[in-house]
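Numbering (our numbering), first residue to last: 449 to 850.
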């Protein structure tokens with residue numbers, strides 16, 4: 449069965465002490481440094497056996513940078529102001545554990561680090577600007593989630609220019625994709641939508657005149673016909689609709705794995721629904737406490753993907769923050785976002801890695817130009833929710849009020 453890690457499985461790299469072990473994340477065993485957690489071999493979501501070699505993890509950066517410490521119901525990082533609480537009512541929360549909590553190791557460890565594969569995919573993306581769409585931080589989150597979960601089906605609600613569909617397909621050449629969008633063309637004058645034309649047997653477009661919303665699909669019939677397995681399906685919400693309601697509606701069909709791309713903070717959002725419905729807003733408490741608590745009780749895990757680098761890297765960018773949010777600026781207090789993957793502001797090897805990444809992508813590491821800034825600082829607390837299998841039975845009881 450697929451289970452999240454217990455608290456005892458959380459990686460601790462304290463004072464440079466590194467105990468090599470193995471840990472399980474949603475059916476995958478990887479080499480990592482953790483505390484006494486060894487389960488051997490398991491299977492992916494699609495049932496393929498996966499083995500972890502005995503070679504040591506070889507990070508180009510120091511694992512101890514940003515070490516997380518669990519103290520009671522709190523998670524704290526070295527040299528970072530945020531504290532993640534394992535309870536509703538705080539600007540930053542976390543529950544259980546997922547691959548997002550280990551993004552640094554998963555991207556930068558091993559002889560063939562995943563970051564190399566991702567950067568090649570990212571450099572060749574169909575729209576290099578993607579004005580109203582996914583950029584590097586969220587692309588890394590989506591790519592990693594598909595790689596780690598290995599879902600049999602990804603349901604993408606909100607296609608726009610097709611760039612996120614592109615990342616899903618590059619992460620998995622075998623998964624089926626339902627690409628769902630009421631429009632038959634991108635917004636923001638982004639030209640022609642990227643279409644997964646080489647995989648017409650795997651990707652179905654519910655777009656334009658063929659649009660069917662995810663809440664109106666025949667999930668029961670598909671399950672009965674063995675066309676859909678809720679336990680191996682990943683739903684990706686990037687539609688700027690009421691995220692909380694969408695999660696509850698998906699939950700009713702037994703789906704357990706959900707990504708929310710635009711997970712806006714309190715008071716932020718590009719649409720009215722964005723400002724009153726994201727998991728991060730619900731879990732912050734206040735007027736949303738009843739909804740946040742209801743969802744919290746039905747989750748196995750909740751994690752926010754870390755930004756690649758901290759906002760201070762953009763100190764030479766002089767324009768003001770967008771009122772709607774979704775972008776980091778150097779003056780951010782950072783009290784409500786998780787520790788970044790790299791710390792070029794503190795660590796020399798992280799700085800070297802950062803410089804190489806931006807050189808490869810043709811971006812200015814100072815981020816003082818708008819294009820480089822937008823590519824690196826677009827960040828909206830992209831989150832992963834793993835719902836409990838039994839949550840479907842009570843999905844209809846969710847609080848209706850705003």
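The C-beta atom is built at its ideal place from N, Cα and C for all residues, glycine as well.
Checklist entry - Beta carbon of residue 606, beta carbon of residue 643: below 8 Å? => result It is not a contact, given that the beta carbons lie outside the stated cut-off.
Item to check | Ordered list of alpha helix (DSSP H) runs contained in the region 731-813, each at least 4 residues | outcome: Fully enclosed alpha helix (DSSP H) runs of 4 or longer: 737-744, 796-809.
Item to check | Continuous beta strand (DSSP E) stretch holding residue 564: start and end | outcome: Annotation for residue 564: no beta strand (DSSP E) segment contains it, though the alpha helix (DSSP H) segment containing it runs 562-571.
Checklist entry - With DSSP run on the structure shown, which of helix, strand or coil describes residue 619? => result In this structure, DSSP gives residue 619 a helical state, which the three-state scheme calls helix.
Checklist entry - With DSSP run on the structure shown, which of helix, strand or coil describes residue 826? => result Strand, per DSSP.
Item to check | Nearest-angstrom Cβ-Cβ length linking residue 693 and residue 529, presumed shorter than 8 Å | outcome: That pair is no contact at about 33 Å.
Checklist entry - If we count Cβ pairs, one from each stretch, closer than 8 Å, do we get three or more for the region 577-591 versus the region 750-765? => result Contact holds: three or more Cβ-Cβ distances are below 8 Å.
Item to check | Endpoints, the alpha helix (DSSP H) within which residue 642 is located | outcome: Careful: residue 642 lies outside any alpha helix (DSSP H) and carries neither H nor E.
Checklist entry - Since residue 628 and residue 654 are thought to touch, with beta carbons under 8 Å apart, how far apart are those beta carbons, to the nearest angstrom? => result Yes, they are in contact, since the Cβ atoms of residue 628 and residue 654 sit about 5 Å apart, within 8 Å.
Item to check | Extent of the continuous alpha helix (DSSP H) to which residue 552 belongs | outcome: Annotation: the continuous alpha helix (DSSP H) that includes residue 552 extends over 551-556.
Checklist entry - Cα separation between residue 822 and residue 537? => result If I take the Cα positions, the gap works out to 31 Å.
Checklist entry - What residue does the alpha helix (DSSP H) around residue 697 start on, and which one ends it? => result Unbroken alpha helix (DSSP H) run through residue 697: 691-699.
Next on the checklist: Within 8 Å, do at least three Cβ pairs link the region 557-567 to the region 765-782?
Outcome noted: With the rule of 3 Cβ pairs closer than 8 Å, the region 765-782 does not count as touching the region 557-567.
Checklist entry - What's the C-alpha gap between residue 571 and residue 683? => result A straight line joining the alpha-carbon of residue 571 with that of residue 683 spans about 25 Å.
Item to check | Supposed contact pair residue 747 and residue 835 - C-beta distance, whole angstroms, cut 8 Å | outcome: That belief holds up - the Cβ atoms of residue 835 and residue 747 are roughly 6 Å apart, short of 8 Å.
Checklist entry - Taking all protein chains shown into account, do 16 or more other C-beta atoms lie within 10 angstroms of the C-beta of residue 543, making it buried, or fewer, making it exposed? => result Of the other Cβ atoms in all chains shown, 16 or more fall within 10 Å of the Cβ of residue 543; this residue is therefore buried.
Checklist entry - residue 518 by DSSP, collapsed to three states: which one? => result Correct three-state label for residue 518: strand.
Item to check | Backbone secondary structure at residue 652 - three-state DSSP | outcome: Strand.
Checklist entry - Are the beta-carbon atoms belonging to residue 685 and residue 706 less than 8 Å from one another? => result Closer than 8 Å, so yes.
Next on the checklist: Taking the alpha-carbon of residue 772 as reference, which of 615, 741, 719 has the nearest alpha-carbon?
Outcome noted: It is 719.
Next on the checklist: Residues in the same chain with beta-carbon distance under 7 Å from residue 792, minus the five sequence neighbours each way, listed in chain order, please.
Outcome noted: Excluding residues within five positions, the ones whose Cβ falls inside 7 Å are 757, 761, 798, 799, 802.
Next on the checklist: With a threshold of 7 Å on Cβ separation, who are the neighbours of residue 721 within its own chain once the five nearest residues in sequence on each side are excluded?
Outcome noted: Answer for residue 721: 688, 689, 690, listed in chain order.
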